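My numbering numbers the first residue of the sequence shown as 4 and each following residue consecutively.
First comes the structure, then the notes that go with it.
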Amino acid sequence: MSTIKELEKKARIIRLGILEAIGEGQKSHIGGSMSSADLVTALYFHKMRHTHENPKDPKRDRLIFSKGHAVLAQYAALAECGYFPKEELKKTKTLGSLLQGHPEIRTPGIEANTGSLGQGLSIGLGMALGAKLDHKSYKVYVILGDGELAEGQIWEAANTASFYKVDNLIAIVDYNKLQAVGFLKKRYDLGDIRGKFNIFGWKTFEIDGHNMEEIVNTLDEIDSIKGLPSAIIAHTIKGKGISFAENNPIFHNAPLSREQIEKAKKEIQGETILEVKN
Ligand SMILES: Cc1ncc(C[n+]2csc(CCOP(=O)(O)OP(=O)(O)O)c2C)c(N)n1
């Protein structure tokens with residue numbers, strides 16, 4: 004079991020992995036990948052039961068990246084876990100590469116093709132119900148964008164999940180307050196997101212999505228919740244870890260120059276130079 008300090012260090016390695024996948028001069032979803040990095044780290048390196056040696060293990064917990072455009076965070080975590088060589092990160096979004104701009108199930112560790120926003124919670128719900136039918140104890144975690152919650156299908160899944168008491172389904176909202184072209188409040192205000200999940204019959208939590216201890220404690224607490232699905236509203240910062248990208252709508256999907264990458268790496272590494280082994 005990793006300590007909080009070890010998980011925080013791992014999150015920095017994941018952010019460096021995201022930078023590898025972004026590469027120089029290629030338009031990439033920087034903001035939403037960086038905002039979800041701590042959540043993804045806690046899932047892969049603390050909470051989920053999974054092994055790279057058997058990516059299709061029927062007992063494994065599942066993670067669906069419903070905000071599929073930000074899959075770079077998941078790619079970095081899967082590479083760090085050994086699902087594929089880290090060298091693959093550099094080839095992200097190149098022709099024929101294992102790692103494309105949105106998740107595909109041909110990539111080891113990816114559970115669903117996503118990217119058309121709004122579908123991941125329904126997919127996760129189906130998997131979670133499948134576990135009940137098969138008398139299996141696996142959990143299904145679904146990472147959603149806050150902008151993504153504008154999709155009506157999310158709320159159909161939310162209602163159905165509570166109706167069927169699907170307590171092995173956990174939605175995590177990466178609440179970075181930005182969507183593709185600006186701030187949620189201006190573009191499409193969703194109001195009280197936690198209140199909405201409450202009304203739909205979910206157990207809800209509101210946390211700082213960059214506080215590793217809070218993330219870990221909340222994920223652990225959810226293990227004991229029975230009879231209803233859980234939603235974590237995780238307050239995050241889009242672009243977290245890169246000063247010039249933080250809370251900056253331009254970096255939703257933008258290229259980085261060599262100089263920007265170097266600056267970002269230094270900021271993420273902080274004092275310590277992290278060893279990124281292959
Ligand atoms: C159905 C659908 N409509 C539009 C898009 C284009 N799109 C990609 S990312 C994005 C914004 C998503 O915002 P949010 O869910 O808040 O993600 P984050 O800010 O965390 O990156 C949009 C509209 C899409 N992928 N799917």
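Yeah, the Cβ is synthetic: ideal placement off N, Cα and C, and Gly gets one too.
Please read these numbers as outputs of a predicted model, since none were measured by experiment.
Going by C-alpha distance, which of Lys266, Leu187, Met130 and His72 is nearest glycine 118?
His72
I'd like to know whether the C-beta atoms of isoleucine 21 and leucine 101 end up nearer to each other than 8 angstroms.
no
Could you give the DSSP three-state label for alanine 73: helix, strand or coil?
Helix at alanine 73.
Quick check: what's the CA-CA separation for asparagine 281 versus threonine 221?
Since pLDDT at asparagine 281 reaches only 49, below the 50 mark, its modelled position is unreliable, and the value read off the structure follows with that caveat. One C-alpha to the other measures close to 31 angstroms.
Does isoleucine 126 come out as helix, strand or coil in the three-state DSSP assignment?
helix
Examine ligand 3 and report whether any of its heavy atoms sits within less than 7 angstroms of the Cβ of leucine 120.
Ligands in the displayed structure: ligand 1; ligand 3 is not one of them.
Does the beta-carbon of proline 149 have 16 or more other beta-carbons within 10 angstroms, so that it is buried, or is it exposed?
Looking at the sequence provided, one finds aspartate at residue 149 rather than proline. By the 10 Å Cβ count, aspartate 149 comes out buried.
Looking at glutamine 156: is its Cβ nearer than 8 angstroms to the Cβ of glutamine 182?
no
Does DSSP put threonine 207 in a helix, a strand or coil?
strand
Assuming glycine 198 is part of the alpha helix (DSSP H), what are its boundary residues?
196 to 202
Out of curiosity, what's the CA-to-CA distance linking lysine 268 and lysine 8?
19 angstroms
So, does the segment 39 to 50 touch the segment 202 to 220, judging by three or more C-beta pairs under 8 angstroms?
yes
Do leucine 120 and lysine 70 have their C-beta atoms closer together than 8 angstroms?
yes
Quick check on asparagine 179: buried or exposed, where buried means 16 or more other Cβ atoms within 10 Å of its Cβ?
buried
Taking alanine 237 as part of the beta strand (DSSP E), name the residues at either end of that continuous run.
233 to 238
Does the contact criterion of 3 or more C-beta pairs under 8 angstroms hold for the segment 54 to 69 versus the segment 10 to 28?
no
At least one CB of chain C closer than 8 angstroms to the CB of aspartate 226: is that the case?
Absent from the structure: chain C. Only one protein chain is present.
Alpha carbons only, please: which of Asp64, Leu152 and Lys135 is nearest the one belonging to glutamate 114?
Ranking the options by Cα distance to glutamate 114, first place goes to Asp64.
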